[in-house]
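Input: a single structure, listed below in C-alpha cells.
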Amino acid sequence: MTAHRLPTAGPLALNPPPLEHGGRLREAAARYRIPFQDWLDLSTGINPDGWPVPEVPGAAWARLPEEDDGLEETAARCYGVPALLPVAGSQAAIQTLPELRVPGRVGVPAVGYQEHAQAWQRAGHTLAPLADGVPGGDRGAGLDDLDVLVVINPNNPTGRRWPVSTLLDWHARLAARGGWLLVDEAFMDTTPRHSLAPYTDRQGLIVLRSLGKFYGLAGVRVGFVLGTADLREALRSRLGPWALSGPARHVARLALSDSPWQEATRASLRRASVRLAALLSDYGLVPTGGTDLFQWICTAEAPAIQDRLARQGIWVRRFDAPASLRFGLPGAEAGWARLESGLRCLASDVPGDGPGDVLRQTAGATAGIRPFSSVAPPLAPAPVPVPGDPR
Ligand SMILES: Cc1ncc(COP(=O)(O)O)c(C=O)c1O
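Per the UniProt record's numbering, the sequence shown starts with residue 1, numbered consecutively.
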C-alpha cells in the first residue's frame, strides 16, 4: 500500500490513498459521457428497493440527538442482543477498532472489503492476508499466529459464508489468548440465523451490522457494534458524542422496528437473487458466488465485459485480483429488461474479438469454476491481494 504525503510540509501524518469502491457512478458517467441519470447502477450490493423513508420531524434536524429516543433498544431487539453501540456506518467502527489494541498480527481476508486491512495497517498492526479468509489455509497464517481475525460473513464479493460453529471455535481459540474475532455482518440481514450476534457477550467477540445494504440506507450512515460493555465503552469514548445525526437516529429506529417490511424484503431479495443468477447464467456468466444482494463472477474477461456494459450505461463493479465482476440487483422491471438487453447485446456481437466472443469465452472459462455453496465452500487456490475495494 503506497502512502502519499500531502503537499503541505509539516506535522501531517502519512496517509494511505483512498480505496476504490463501487457506486462511484459520477466518475463512470464522466468517463463514458453518459448522463448520470441514464445509468443502471449495479455496482453496489445495496438493496435497490430499500426501506421507504418517511418525512423526518423538524426536531430531528434542529435538536442535538439524545440517546433516550429508543434507537438502542429497538436495534438491540432486532439483532437479539441486550445492548449495542450505534455508529455512523459500520465503517466508523472498522476505522476505529484497530486503535483500541496494541499492535499485533491481524488476519484479514485477501479478497474482501479492503477497508479492514487498511485500517489495521494504519493503526500499526501487521497484516496476515488469508486466502479465502481462512486461517491456516493455503500459505496463510494459522489461527495461533494471530491476535485478531477479521471475518466478513458473508464475504463481499465472494459470498462465502462460515457456519456459526466454526466461528465460535475460532473465537474461543483467539479469546483464550486475549485475541479478538471481528465479524463484519454487513450482508447478514437476509440470513439472520447465521449471525453471531447472540454470542457477543463473550469477551473478544465483536460483530458489526449495517443499515446500508439490506435496508438500502447506505446514505444515512448507520451501523452497530455488538460486543461486551467494556469494548463498547472504549469505542464510544473514541468516537465522541453525537456519533449519529438526529435524522439518522430517527430513520434507523423506524426501519429496525418494521418487521413486516423486513420479512417481506428477505423473501423478495431471495427471489431477485435467484433470478439474477439465472439471467447471468443464461448469458454465460455463471456466478462463482454471491449473496441475496449481489452475484460475483470470476472471469478473465472482466475488464472487457465491464467496459462493454458501461458503453450501454450499465455499471458493474470490477475487481482485478482475481479478475471478476460483481452484479447488484436491478430493482424495477425496467432495470431487469435493460440488463437483459445489455447481456443480449454482448452475446450477439459479431464473433472475432468483439463482445460476443468475450461472453462465449467467459462461458467456457467459468464452466470449470465450482460455484461456492452457501456454507463452507472449498478454498480458493491462492491468496490474492485486491487492489480496489468491494463496496
Ligand atoms: C463488507 C462491508 N462491510 C462494511 C461496509 C461499510 O458499510 P457501512 O459503513 O455503510 O455500514 C461495507 C460497505 O460497502 C461492506 O461492503
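We put the CB at the ideal spot given by N, CA and C, even for glycine.
Heavy atom of ligand 1 within 6 angstroms of residue i beta-carbon
i, result
"Gln91", "yes"
"Gly212", "yes"
"Asp292", "no"
"Asp184", "yes"
"Ile152", "yes"
"residue 393", "No answer is possible for residue 393: it lies beyond the span of the chain, which begins at 1 and ends at 391."
"Gly223", "yes"
"Tyr113", "yes"
"Ala218", "yes"
"Asn156", "yes"
Residue burial classification, residue i (beta-carbon count within 10 angstroms, cutoff 16)
i, result
"Asn15", "exposed"
"Val274", "exposed"
"Leu12", "exposed"
"Arg308", "buried"
"Ser237", "exposed"
"residue 480", "Shown here, the chain extends from 1 to 391; a query on residue 480 therefore has no answer."
"Val148", "buried"
"Val81", "buried"
"Gly10", "exposed"
"Ser348", "exposed"
"Phe319", "buried"
"Val102", "exposed"
"Arg317", "buried"
"Pro17", "exposed"
"Pro355", "Low confidence applies to Pro355: its pLDDT is 49, below 50, so where it sits in the model is not reliable enough to give any reading."
Cross-strand partners of residue i (DSSP beta bridge)
i, result
"Asp320", "Ala323"
"Cys345", "DSSP output for Cys345 lists no bridge partner at all."
"Val180", "It should be noted that the sequence gives Trp, not Val, for residue 180. Val148, per the DSSP bridge assignment."
"residue 397", "Within the shown structure, residues of the chain are numbered from 1 to 391, placing residue 397 beyond reach of any answer."
"Cys298", "Ser324"
"Arg105", "Thr126"
Nearest neighbour of residue i, chosen from the options [CA to CA]
i, options, result
"Leu244", "Gly89, Phe294, Leu168", "Gly89"
"Pro48", "Ala334, Leu329, Ser341, Arg271", "Leu329"
"Gly142", "Gly124, Ala117, Val106", "Val106"
"Ile152", "Arg266, Pro18, His171, Glu185", "Glu185"
"Leu231", "Ile46, Val56, Leu182", "Leu182"
"Leu280", "Arg338, Gly212, Gly227, Gly313", "Arg338"
"Gly50", "Arg344, Gly335, Gly331", "Gly331"
"residue 393", "Pro322, His250, Gly290", "The question about residue 393 has no answer here: the residues shown for the chain are numbered 1 through 391."
"Arg193", "Leu19, Gly133, Cys78", "Cys78"
"Pro154", "Gly223, Leu167, Glu301, Glu72", "Leu167"
"Leu215", "Trp261, Pro198, His171", "Sequence inspection shows Tyr at residue 215; the Leu mentioned does not correspond to that position. Measuring from the Cα of Tyr215, the nearest candidate turns out to be Trp261."
"Thr200", "Leu211, Val108, Phe224, Leu71", "Phe224"
Neighbour flag for residue i against chain C, beta carbons, 7 angstroms
i, result
"Pro52", "Going by chain labels, chain C is absent from the structure shown, which holds only one protein chain."
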